[in-house]
Ligand code: FES
């Protein structure tokens, strides 16, 4: 294919248009849930743009979230509300979501990754 100045310009414009569409889609998908849809003390499961599962917490003081894939060997953690812990079903590691995802019981050694969230215009969004 012969690349002329005109065809190069067309390709560059197409790339700009694609990235603009992509950034709009990213912005729309950054909305997780309306704040009023989650009660204080409640949780909400959602998916990150990369497909990873995550869990949002709302407390009296705000919102925070974690990716819920266990840092040991990638098991899925679930929130066990009576103990207020995220527990992995594979080897039973547990994490404290109210202490920055810290490991409570192993074999995991690393905390759960936090997901940066914020409240904007009544929505909980990826920050
Ligand atoms: S994969 Fe979660 S404790 Fe091992």
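Numbering (this note's numbering), first residue to last: 1256 to 1382. We treat Cβ as the ideally placed atom computed from N, Cα and C, and that holds for glycine.
{"Asked": "For residue 1301: DSSP bridge partner residues", "Found": "1309"}
{"Asked": "Close-in-space but distant-in-sequence residues of the same chain around residue 1294 (CB under 8 Å, 5 per side omitted)", "Found": "1313"}
{"Asked": "Proximity to residue 1361 [Cα-Cα], best of 1328, 1311 and 1337", "Found": "1328"}
{"Asked": "Residue 1336: first and last residue of the uninterrupted beta strand (DSSP E) it sits in", "Found": "Per DSSP, residue 1336 belongs to no beta strand (DSSP E) and is neither H nor E."}
{"Asked": "beta-carbon residue 1304 near the ligand FES non-hydrogen atom, thresh 7 Å", "Found": "no"}
{"Asked": "Segment limits, beta strand (DSSP E) that includes residue 1349", "Found": "1349–1351"}
{"Asked": "Sequence-distant residues of its chain with Cβ nearer than 7 Å to residue 1318 (five each side left out)", "Found": "1311, 1312, 1372, 1374 and 1379"}
{"Asked": "Under 8 Å between C-beta atoms of residue 1356 and residue 1321", "Found": "yes"}
{"Asked": "Three-state secondary structure (DSSP) of residue 1354", "Found": "helix"}
{"Asked": "Residue range of the beta strand (DSSP E) that includes residue 1331", "Found": "Looking at the DSSP string, residue 1331 is not in any beta strand (DSSP E), and its letter there is neither H nor E."}
{"Asked": "Nearest neighbour of residue 1330, chosen from 1366, 1370 and 1347 [CA to CA]", "Found": "1347"}
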